[in-house]
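Numbering (full-length UniProt numbering), first residue to last: 1 to 791.
This report refers to the structure that appears directly beneath it.
Structure, rendered in structure tokens:
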């Protein structure tokens, strides 16, 4: 019998932080008991990126053109390298439940020298193409085309609408010719454009004042039969009647409202040329009448009738708040302000709960149809992202928040959706993720862009975190960087707790099925193995397996969820207590002697992460609007660990004549008059010129041949910033500022206030101070050490 060596599991720190499996755990060795797990303070959790493209240097096999083998129910885990195989008897033993399974006849040729790819020891992640590659013998017809339904807000000034038209033209030019496109515009009323009627502009108009059901929408459009129960859903079974991969029941609607780019590019261009700002008059002292909720309902109803069960995106471009009909967040009267965090805390936002309920119903409709809601909000005012969050997050939608449709954040981010090649986001559709694990592990839930499929079973934990009480989730939209956080619980059975029956290894398997950007359905199987340890006697192995970056991100997502769900939750106090308990448990010190305190290198950065998390926009919401807070949290919940760490603790790079570009402390002491600093705070990239550098630049020294080195110094941070911006979605805001300038606040707000107005006499010449009463990191650590070592 043979199996992959479980001890070959990837270590916590590898060259690629996410490893070949795109899975990172807070603890890479797990305590066996529930009590010991609770003493670890940081939850047992994993972050997984189910659609990440493997590194070209990794030895990943190409997608396998045959279906995977499953273990017997109720386990249903898939064959993986950790299975024990009896080649003579053609049997494999599942490492998760220890059931014996026979190989089917088409595996008859396997032997120790002829092993299928899914059993290669290095292939803990493999992908299968389901139904064959397009065009291959036996393939189930042509793959369905990608579908994009644009929903455009016309209650904006003409200049803003011109920016939207420009962005739309670029987007359509980048789309593949077979992609299906539709157009909805809205203001006081909703206009659905029939692109298939090219002789003249044909529009269906819906009132924006009241909620409209899916059935009413379909009746008005003449699509009353499509998408109803009893009508087949896409994709069809091989041999079923299809027209361009679609069932005839949906074809009429598709031919009218959703057309291939190659057939409607001219019509769409003409419509965009003729598109004008909403003509409905706006009275003095009033906001524009904007019916965002009805527009999104019409878009969802249309896709439900025309493209049920296949991947499609609603891309909403919003320029202001909804002021009428379902989803309304504020009245038309300008004397009523848009809700703030204080209003939400005091339950003084009259429209909030009703709007959230509306978007919750819309989310359920979109999830049942397999469709995604993307929102591009470009306005100085709030547009209602806080209310829409439930629909965006549960459908796995993209979200971008900017000040204007003319801003680079919107223009470059919008363009990135449709780009191919290296710049492609790898947008995938209609996915599900399923989790199988060893019997002593239970799944508490997931925080991230997904929706519970309510698949209850023995692996569901009693404690629920996020989307819980299930082992399967729907992911209508996912891309290369989509990341989910899965929370686990240890629940050993009496038998497994007995010394003779203890298995030294635990196994977790993530099974993701999704519609690949190329159109075909794929199944990705990732199986990971880690060690069980006795947490009461073997803390060394626990410490060696701690991943402090993943732990910081998991705690950030966890407290963000608790702040939304629990009214009286004090996030700062909870973080402080958790950090003290963790340091007291795993620190090295003599009782009541703070000077003796030290932390293992695997924990050394964790207090710094917690210090910056306490000060971050995820915890300190008073200076942000509810829309901004919802935006920050949505991106935190769906990005990779590396990107999420940048949100919590920005990186700072110094450029100077004295040394090559190098990282420096995120501290006000890093500011110097003859230095340029580059701050990457994920949502913004800041280039900060010291006082002397700014003076030399203003005097034009960089334009003189004898000061070429100075010109290169000025250019270097811009090149580095463009590298960061190029590889990120949403595109971050670029801020170029000078010391003592008005925009220097973008840097100062992120720095450790080691020098404040109280200690201005200690400041070095050319450095800076921060006007704040916040404690510095040094004071924070002194208090932490004192409390951690207390008897």
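Cβ coordinates follow ideal geometry from the N, Cα and C atoms, glycine included.
Exercise for the section: Please specify which runs of the alpha helix (DSSP H), each continuous and at least 4 residues long, are wholly inside the region 141 to 213, giving them in chain order. Expected result: Listed in chain order, they are 158 to 174.
Exercise for the section: Out of 730, 657 and 739, point me to the one whose CA is closest to residue 710's CA. Expected result: As a working note, residue 710 is residue 710 in the chain shown. That would be 657, whose Cα lies nearest to the Cα of residue 710.
Problem - Residue closest to residue 106, alpha-carbon to alpha-carbon, out of 68, 332, 143 and 411 - result: If you number the chain shown from 1, residue 106 lands on position 106. Distance check between residue 106 and each of 68, 332, 143 and 411 places 68 closest, using alpha-carbon atoms only.
Handout entry: Beta carbon of residue 401 nearer than 8 Å to that of residue 628
Key = On the chain shown, position 401 is the one that residue 401 refers to. On the chain shown, position 628 is the one that residue 628 refers to. With contacts defined by Cβ atoms closer than 8 Å, residue 401 and residue 628 form a contacting pair.
Practice task
For residue 86, name the three-state secondary structure that DSSP assigns.
Solution key: Looking up residue 86 in the chain shown gives position 86. Here residue 86 sits in strand by DSSP.
Handout entry: Coil, strand or helix - residue 424 by DSSP
Key = Start at 1 with the first residue of the chain shown, and residue 424 comes out as number 424. Taken through DSSP and simplified to helix, strand or coil, residue 424 comes out as coil.
Handout entry: DSSP state of residue 475 mapped onto helix, strand, coil
Key = Translated into the one-based positions of the chain shown, residue 475 becomes position 475. Strand.
Handout entry: Contact between the region 542 to 553 and the region 36 to 50 (3+ Cβ pairs under 8 Å)
Key = Yes, since at least three Cβ pairs between the region 542 to 553 and the region 36 to 50 fall closer than 8 Å, the two stretches touch.
Handout entry: 8 Å Cβ cutoff met for residue 519 and residue 480
Key = Locating residue 519 in the chain shown gives position 519, where the first residue counts as 1. Locating residue 480 in the chain shown gives position 480, where the first residue counts as 1. Not closer than 8 Å, so no.
Handout entry: For residue 284 and residue 779, the rounded distance between their alpha carbons
Key = As a working mapping, residue 779 is identified with position 779 in the chain shown. As a working mapping, residue 284 is identified with position 284 in the chain shown. Taken atom to atom, the span from the alpha-carbon of residue 779 to that of residue 284 is near 53 Å.
Exercise for the section: Name the two residues that bound the continuous alpha helix (DSSP H) containing residue 615. Expected result: As a working note, residue 615 is residue 615 in the chain shown. It spans 606 to 615 - the alpha helix (DSSP H) in which residue 615 sits, taken as one unbroken run.
Practice task
Using three-state DSSP, classify residue 583 as helix, strand or coil.
Solution key: Residue numbering aside, residue 583 sits at position 583 when the chain shown is read from its first letter. The DSSP-derived three-state label of residue 583 is helix.
Exercise for the section: State the Cα-Cα distance for the pair residue 181 and residue 150, rounded to the nearest angstrom. Expected result: For the purposes of this step, residue 181 is taken as residue 181 along the chain shown, with counting starting at 1. For the purposes of this step, residue 150 is taken as residue 150 along the chain shown, with counting starting at 1. Approximately 8 Å between the Cα atoms of the pair.
Exercise for the section: Using beta-carbon positions only, say whether residue 692 and residue 721 come within less than 8 Å of one another. Expected result: On the chain shown, position 692 is the one that residue 692 refers to. On the chain shown, position 721 is the one that residue 721 refers to. No, these two residues do not count as a Cβ contact at 8 Å.
Handout entry: Neighbourhood of residue 383 by C-beta, 7 Å cutoff - its chain only, sequence neighbours within 5 removed
Key = Here residue 383 corresponds to residue number 383 of the chain shown, with the count starting at 1. Cβ neighbours of residue 383 beyond the five flanking positions: 318, 320, 321, 377 and 627.
Problem - Inter-stretch contact (C-beta, 8 Å, three-pair minimum) for the region 329 to 341 and the region 356 to 368 - result: Below 8 Å, too few C-beta pairs join the region 329 to 341 and the region 356 to 368 to call them touching: fewer than three.
Handout entry: Distance between residue 278 and residue 266 (C-alpha atoms, nearest Å)
Key = Here residue 266 is taken as the residue at index 266 of the chain shown, counted from 1. Here residue 278 is taken as the residue at index 278 of the chain shown, counted from 1. Those two C-alpha atoms are separated by around 23 Å.
Practice task
To the nearest angstrom, report how far apart residue 221 and residue 194 are at their CA atoms.
Solution key: Numbered from 1 along the chain shown, position 221 holds the residue referred to as residue 221. Numbered from 1 along the chain shown, position 194 holds the residue referred to as residue 194. Computed Cα separation, rounded: 10 Å.
Handout entry: Distance CB(residue 165)-CB(residue 272) smaller than 8 Å
Key = Position 165 of the chain shown, counted from the first residue, corresponds to residue 165. Position 272 of the chain shown, counted from the first residue, corresponds to residue 272. Residue 272 is positioned such that its CB atom lies closer than 8 Å to that of residue 165.
Exercise for the section: Given a cut-off of 8 Å, decide if residue 97 and residue 439 are closer than it, judged by their beta-carbon atoms. Expected result: Counting from 1 along the chain shown, the entry for residue 439 is found at position 439. Counting from 1 along the chain shown, the entry for residue 97 is found at position 97. Yes, the Cβ-Cβ distance between residue 439 and residue 97 is below 8 Å.
Practice task
Could you tell me which of 477, 450 and 478 sits nearest to residue 470, measuring between CA atoms?
Solution key: Taking the first residue of the chain shown as 1, we reach residue 470 at position 470. Out of 477, 450 and 478, 450 has the C-alpha closest to the C-alpha of residue 470.
Exercise for the section: Using three-state DSSP, classify residue 733 as helix, strand or coil. Expected result: Here residue 733 refers to the residue found at position 733 when the chain shown is read from its first residue. Collapsing the DSSP output to three states places residue 733 in a strand.
Exercise for the section: From the DSSP output, in three-state form, read off residue 246 for me. Expected result: Along the chain shown, one-based indexing puts residue 246 at 246. Residue placement at residue 246 is poorly supported in this model, since its pLDDT is 47, which falls under 50; the coordinates still yield a value, given next. Under the three-state reduction of DSSP, residue 246 is assigned to strand.
Exercise for the section: May I ask you to verify whether the region 324 to 332 touches the region 298 to 308, counting CB pairs closer than 8 Å and requiring at least 3? Expected result: Flag = no, the region 324 to 332 and the region 298 to 308 do not touch.
Practice task
Round the Cβ separation of residue 490 and residue 37 to the nearest angstrom and send it over; I've been treating them as touching at under 8 Å.
Solution key: As a first step, residue 490 must be located in the chain shown, where it is residue number 490. As a first step, residue 37 must be located in the chain shown, where it is residue number 37. Beta-carbon to beta-carbon, residue 490 and residue 37 are separated by about 5 Å, close enough to satisfy the 8 Å threshold.
Exercise for the section: Give the single residue among 308, 41, 93 and 85 whose Cα lies nearest to the Cα of residue 114. Expected result: What you label residue 114 is simply residue 114 of the chain shown in a count that begins at 1. Ranking the options by Cα distance to residue 114, first place goes to 85.
Exercise for the section: Using a threshold of 8 Å, state whether the C-beta atoms of residue 612 and residue 580 are closer than that. Expected result: Residue 612 sits at position 612 when you count from the first residue of the chain shown. Residue 580 sits at position 580 when you count from the first residue of the chain shown. Taking 8 Å as the Cβ cut-off, residue 612 and residue 580 do not qualify as a contacting pair.
Handout entry: Three-state secondary structure (DSSP) of residue 723
Key = The count along the chain shown starts at 1 and reaches residue 723 at position 723. DSSP places residue 723 in the helix class (H, G or I) of the three-state scheme.
Problem - Three-state secondary structure (DSSP) of residue 450 - result: Counting from one through the chain shown, the residue named residue 450 turns up at place 450. Coil.
Practice task
For the beta strand (DSSP E) containing residue 594, list its first residue and its last residue.
Solution key: Against the chain shown, residue 594 aligns to sequence position 594. Annotation for residue 594: the continuous beta strand (DSSP E) segment containing it runs 593 to 598.
Problem - residue 685 versus residue 734: straight-line alpha-carbon distance, rounded - result: Translated into positions along the chain shown, residue 685 becomes position 685. Translated into positions along the chain shown, residue 734 becomes position 734. Answer to the nearest angstrom: the Cα atoms are 5 Å apart.
Practice task
Within 10 angstroms of the Cβ of residue 689, are there 16 or more other Cβ atoms? Answer buried if so, exposed if not.
Solution key: The sequence position of residue 689 within the chain shown is 689, counting from 1. That one is buried.
Practice task
Look at residue 493 and residue 448 and say whether their C-beta atoms are less than 8 Å apart.
Solution key: In the chain shown, counting from the first residue as 1, residue 493 sits at position 493. In the chain shown, counting from the first residue as 1, residue 448 sits at position 448. Against a cut-off of 8 Å, the Cβ pair of residue 448 and residue 493 comes out as no contact.
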